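Taking it in order: structure first as structure tokens, then the write-up.
Protein chains: 4
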Amino acid sequence: VNQNLSSADHAPALSFKSDNITGASPEVISAIVAASAGQASPYGTDDLTARVERKLGDIFEREVGVFLVPTGTAANAISLGSMTPPWGSIFCHPDSHINNDECGAPEFYSNGAKLVAVGGPSAKMDVEKLRSLARVKVGDVHAVQPSCASISQATETGSIYSLDEIRAIGDVCRSSSIRLHMDGSRFANALVTLGCTPAEMTWKAGVDALSFGATKNGVVAAEAIVLFDTSLSKELAFRRKRGAHLFSKMRLLSSQMDAYLKDDLWLRNARQANLMATRLSNGFAGLDGVETFGATEANIVFCRLPSLMIEALLNAGFQFYYDRWEPNVVRFVTSFATTERDVDHLLSHMRLATAGAAV
Amino acid sequence: VNQNLSSADHAPALSFKSDNITGASPEVISAIVAASAGQASPYGTDDLTARVERKLGDIFEREVGVFLVPTGTAANAISLGSMTPPWGSIFCHPDSHINNDECGAPEFYSNGAKLVAVGGPSAKMDVEKLRSLARVKVGDVHAVQPSCASISQATETGSIYSLDEIRAIGDVCRSSSIRLHMDGSRFANALVTLGCTPAEMTWKAGVDALSFGATKNGVVAAEAIVLFDTSLSKELAFRRKRGAHLFSKMRLLSSQMDAYLKDDLWLRNARQANLMATRLSNGFAGLDGVETFGATEANIVFCRLPSLMIEALLNAGFQFYYDRWEPNVVRFVTSFATTERDVDHLLSHMRLATAGAAV
Amino acid sequence: VNQNLSSADHAPALSFKSDNITGASPEVISAIVAASAGQASPYGTDDLTARVERKLGDIFEREVGVFLVPTGTAANAISLGSMTPPWGSIFCHPDSHINNDECGAPEFYSNGAKLVAVGGPSAKMDVEKLRSLARVKVGDVHAVQPSCASISQATETGSIYSLDEIRAIGDVCRSSSIRLHMDGSRFANALVTLGCTPAEMTWKAGVDALSFGATKNGVVAAEAIVLFDTSLSKELAFRRKRGAHLFSKMRLLSSQMDAYLKDDLWLRNARQANLMATRLSNGFAGLDGVETFGATEANIVFCRLPSLMIEALLNAGFQFYYDRWEPNVVRFVTSFATTERDVDHLLSHMRLATAGAAV
Amino acid sequence: VNQNLSSADHAPALSFKSDNITGASPEVISAIVAASAGQASPYGTDDLTARVERKLGDIFEREVGVFLVPTGTAANAISLGSMTPPWGSIFCHPDSHINNDECGAPEFYSNGAKLVAVGGPSAKMDVEKLRSLARVKVGDVHAVQPSCASISQATETGSIYSLDEIRAIGDVCRSSSIRLHMDGSRFANALVTLGCTPAEMTWKAGVDALSFGATKNGVVAAEAIVLFDTSLSKELAFRRKRGAHLFSKMRLLSSQMDAYLKDDLWLRNARQANLMATRLSNGFAGLDGVETFGATEANIVFCRLPSLMIEALLNAGFQFYYDRWEPNVVRFVTSFATTERDVDHLLSHMRLATAGAAV
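Sequence lines, in order, name chains B, U, R and A. Residues 1 to 359 in my numbering are what the first sequence lists, from first letter to last. Residues 1001 to 1359 in my numbering are what the second sequence lists, from first letter to last. Residues 2001 to 2359 in my numbering are what the third sequence lists, from first letter to last. Residues 3001 to 3359 in my numbering are what the fourth sequence lists, from first letter to last.
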């Protein structure tokens, strides 16, 4: 029985800081336990890893290159490193994780490529800006050369690119001869919202390489680099090892990923996380002084709260980021482990704070 | 009860290829399960990680910097990267893991430092050779600059530096103003053989940074960089993150390490591995045509076997490396999970092969 | 007699594209010839190089570290590489040469540091923006760390930081514990305009390292990295050699620099260049349809010309950049070699085109 | 008239330390002077550079990629950087310049490739050792991958690979799918000794890229990277610029190279240097206590001298390296600027010292 889901016998979870503060789904834990027994061939030559590779091929309906790594930053940086020369540029949104939160890992793994910011509303790259930047100074030896673009699906603010938006970016990349990477740290959250197939959201729309996230959605630490441009596979094997990300006991990663992909656990977990975010933002209606920003598309809710309410929630033990973006702006993140009880508990405290303020 | 140790109800383990083909100690698995429940602060700011740091401080009897990483290559490459400028040289034995088996990870993490081989018998660096090389071309702008040395304890062939040998190397390093790193992938195996304290085998002998291995000795995937020169700590935090080795759910690593260090599990496991190696090499006595190389100091046994015996063992399903170093030279590696029954099973097949050959 | 200055017996020079299309001052050529005779100690251990180092110390009124290199990009990239760790950020104006025109050389020499753009009018960094950015995420392991700032004096558009502006930036750098670099590709052009001492424009205002340009102002190919923070000197010697910029026959560089600094040639050359730019922009007055942008502070003049005039000038053989920034925007660059006759020749053609258009 | 060659009115040159202590041929100086006049298109788009490219194509009898750079280390490091991935190995002789004297520039420009030493007598790589090393661990993700080999022609000790020897190495490279680089810092010295064509000594024997040296043989500072595998050209342009080796006033380099290649100056200079070395070693015959090592094939002479003779020569003002390799071992290097009078002057002092010792 999972402690996360059997909320009845536990106090409600109080932190909405991030989806990386949760544990793992019970199926994943069981898989780790099972995989830790006995002898197995090392460095990814084991049966379990082969099964994961097959499963991902099935899910994406085509031949793929699969490279398991322990962190999302590794997935992003290693795959990007294979998609640009050191004198190339990587187009990304100014608010993207690779641009802000990876301590320059993409620069490190690419031996010094340049991240070039391409703005756009809702943390999504503006396709017209990308189109014009992707053509600038091509062939000019004085300038870094447009080499690839990276989009986050879902984005760092919880927004989601529509299939048309991805295809438009994919078209620009193809016509500019640059590659397209997708940071899918919250891939499942986006997928269940769009209701499309994994293939449609990736290679059919022009994506060449995907960081297929699992850590935020039910496993402890495991991500897969999924290559649709399999010409990159040979080089990627060396890049992963050289980056020190090749596990001798690969089963620790593959067991997690195997359980994650089994019986749609990954989709069920993402639906739960998204549903709880929607329940939360729906609950804001009728709360005086609470302003929501944009639609709730994945598992992240941004809103503006009165200072007194923020204070009251903190005093009650709740955890969340606030005042980071603008004064009084708060971010709540739900996860596969968030329960209705957790959300309702938070909402009841918000209601209480409103009532208190009204007195 | 661990499947590995309860050999009674399992077939004997057949692979002696490496200590990385084993699973994990049951205590470690239980710790992972326990740690995977509920919410925890991310990126190593959790209580479990703090406890591991304290434990390692206790074990080494001093203030240390602790950085958990998932692979031994990461531990080596990240710590070495902080001990040399890009234009520096890293002295190491030609047979060392960093020189041969890490796909240039030390070069990558140091931004291009040069590994300079310093030979010596038994896979151990000759201290006099180190002494003379550490003084060559110091200050000469045309040459890479002596910056650090790295020794493996136990070495890649299973030999062990005595305390005197480490101290002598430490003295050379100090007098040449270069730093000393220890690749402790099999640290515990060496420690229990020497019967000294962890402090004596490291910083008291002049070691500045240690790759404290656990993966080969009872955990699934977890290593600790232990800094005795804590002036390197600040920079190491950035190097680890930039290398994409900072886990958001650090508890996966810290839970393993916590269990590994608890109740001397790490020492008990190492003793078992070493004991089984000794049992094996002792068993060679009286086997016609089996030639052993050197003393069995840790958990690795090198020997020369007749071709027919090698063939017979392979046919019986045993796994091990052979013909890699010289024709007919075989390497057997035992681990914490190796049982007397496993060893005796192997020996009986060797005896059988001898008898067969004798007929 | 210099072919460049004795314009009487030559056709007027037609290219105003850049100050890198000119040859060299006759004094510089003579110095190269003289230095190419006989034997000299290699790799910068010769007398001439020592003299250049002394001269720069005199000019800057203090102890300096001096490293001659052949290109401005080398001066910038090597010095910046010593002022930031790979996980650092380099603040610079979005229009700066290091950000746009060096093919990522600063990223290469810094092993992957991140250039962070700090906007501001007239190609000059806004000090308040710098102040806030220099404090963001300091100590946060997920973010690249503020490490240095780089300003261009004169800027890429020919504008000039006042002493107060440099000091304000220097203060921000010091209070944020980051270093300050000056790209002085057109150092002399700025200096003669400000009428201050070299010391005042650099270390007295907070500059730690300077790319002291000469190539655009009278030599063929020679620049000096001038370190005011001489703690960087030792490391810089290795960085220069490792970058393959240490000349065995250093006299080729030092002879140029020696002549450049002798009898104020560098200042005289810069004055001539600036004067010719002013003569040109003054000449625009009274030309119908010619719009000048900003004051002419150094040797670069930006203006907007009618399409027909651009066409007429091109047809007459003149060379200059246009339509690069905005339609009809033209850049004229003068140099030490530009003569009154060259400028007047250009102006007369502009006048002609105006007249033609007026008909 | 060249000061170097018109020895009559000068004291004999006393330094035999290296061929990098000389100045330049008068034809080269004149070319620099001529090229420094007037306006020219920057960054290698000028006519002179185009002419040099054509000339090198003619000399090598085929299409080549040509990239002028100022130092031999730049030529080596940039071309090697394009011939190996960061996880590759570069085979070279342990005594090679790239291995010992470039402060890790090849590692820097290749982003951390590994130089693997392949021994052999006379500073020449043993082809059988290369053959076996080039096949080791190919495809093994744990090992750096054989990527290219680099040979020096002439070598650092003045020996010369025969055409057969180069072809044998070329065959090994081709059959192992690795590229072959030639460090031709003393290319002309080797060529005139072998008496073959430049094509025969390079691409016809399997060389893919050449560092075509000129600095040691008559110019002040200019080398050419000559690519026979022209598929590397596009990338090399970016690598040169990113390394900060693209001169805006390229004419400084191209004028030197143009004069160097004109009227066989490069061959005449090399012949003079070699001849003077032979004159010197021939002169050793009959000198008591002087032991010569090997044949004199290029412009370097190694010998063993009595201590008293070394002392006497030093006292007389002569300069040379000694006691570096072994006690009493001396290296004399001649150059294009060495005259019969210089050599005879040295020999007479040696004779004097012998006589003195004999008394």
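The C-beta atom is built at its ideal place from N, Cα and C for all residues, glycine as well. Computed from a predicted structure; not experimentally measured.
A Cβ-Cβ separation of about 22 Å leaves L3194/A out of contact with I3225/A under the 8 Å criterion. Taking 9 Å as the threshold, the shortest C-beta distance from F3108/A to chain U falls below it. For the 9 Å CB-CB criterion, K3249/A and T2334/R do not form a contact. Short of 7 Å from the beta carbon of R1279/U, and not among the five residues preceding or following it, lie these beta carbons of its own chain, in chain order: E1340 and V1343.
Counting C-beta pairs with one atom in each stretch, the stretch 3029-3043 of chain A and the stretch 3241-3260 of chain A have three or more that are closer than 8 Å, which means they touch. In this structure, DSSP gives H349/B a helical state, which the three-state scheme calls helix. Against chain U, the CB of L252/B has a partner CB under 9 Å away; the residue lies at that interface. In the three-state scheme derived from DSSP, where H, G and I count as helix and E and B as strand, H1097/U is classed as helix. Contacts between L1246/U and chain R, judged by CB atoms closer than 9 Å, involve V2141 and H2142 in chain order. For the stretch 79-94 of chain B, the set of positions with a beta-carbon nearer than 8 Å to some beta-carbon of chain A reads P85, P86 and W87 in chain order. With three or more CB-CB distances shorter than 8 Å, the stretch 3179-3186 of chain A counts as touching the stretch 3145-3157 of chain A.
With fewer than 16 other CB atoms across the displayed protein chains lying within 10 angstroms of its CB, T1197/U is exposed. In the structure shown, F2212/R falls within a strand segment according to DSSP collapsed to helix, strand and coil.
For K55/B, the closest Cβ of chain R is not nearer than 9 Å.
The closest CA to that of V1138/U, considering only N2299/R, G2289/R and E2235/R, is found on E2235/R. Shortest Cα-Cα distance from W203/B to any of V69/B, P121/B, I90/B and L227/B involves L227/B.
Scanning the stretch 8-94 of chain B from its first residue to its last, the whole alpha helix (DSSP H) runs of 4-plus residues come out as 26-35, 47-60 and 72-81.
Comparing alpha-carbon positions, the option among C2103/R, N2274/R, P2085/R and I2310/R lying closest to V2290/R turns out to be I2310/R. Proximity of chain A to P2070/R at the Cβ level (cut-off 7 Å) is accounted for by P3070 and F3247, in chain order. Shown in chain order are the members of the stretch 3217-3243 of chain A whose Cβ falls below 7 Å from a Cβ of chain R: V3220, A3221, F3238, K3241, R3242 and G3243.
Contact check for G1206/U against W1266/U fails: the beta carbons are separated by 9 Å or more. DSSP places R179/B inside the beta strand (DSSP E), whose first and last residues are R179 to G184. Contact fails between the stretch 45-56 of chain B and the stretch 2074-2087 of chain R, because fewer than three Cβ pairs, one in each stretch, are under 8 Å apart.
When the beta-carbon positions are compared, L232/B and S82/B come within less than 9 Å of each other.
In the same chain as V172/B, and ignoring 5 residues on each side of it, the C-beta atoms closer than 7 Å to its own belong to V127, L130, R131 and A134, in chain order. Legend: CB atoms of the stretch 2169-2183 of chain R lying less than 9 Å from CB atoms of chain A are not found in any residue.
A straight line joining the alpha-carbon of P70/B with that of S254/B spans about 10 Å. Here the alpha carbon of N111/B sits roughly 30 Å from the alpha carbon of R2174/R. For secondary structure counted as the beta strand (DSSP E) over 3 or more consecutive residues, the stretch 2126-2184 of chain R holds these complete runs in sequence order: 2145-2152 and 2179-2184. With a cut-off of 8 Å on Cβ pairs, the stretch 2112-2127 of chain R is in contact with the stretch 2084-2092 of chain R, counting three or more such pairs. Taken in chain order, the complete beta strand (DSSP E) segments of 3 or more residues contained in the stretch 1262-1309 of chain U are 1300-1304.
L191/B carries a helical assignment under DSSP once its states are collapsed to helix, strand and coil. Between the stretch 3161-3170 of chain A and the stretch 3305-3323 of chain A, the count of C-beta pairs closer than 8 Å stays below three; the two stretches do not touch. Within the model, the alpha-carbon separation for F2336/R versus V144/B is close to 31 Å.
Taking C-alpha positions only, S185/B is separated from G3170/A by approximately 48 Å. Selection V1141/U, R1351/U and M1125/U evaluated against T1155/U yields M1125/U as nearest (Cα-Cα).
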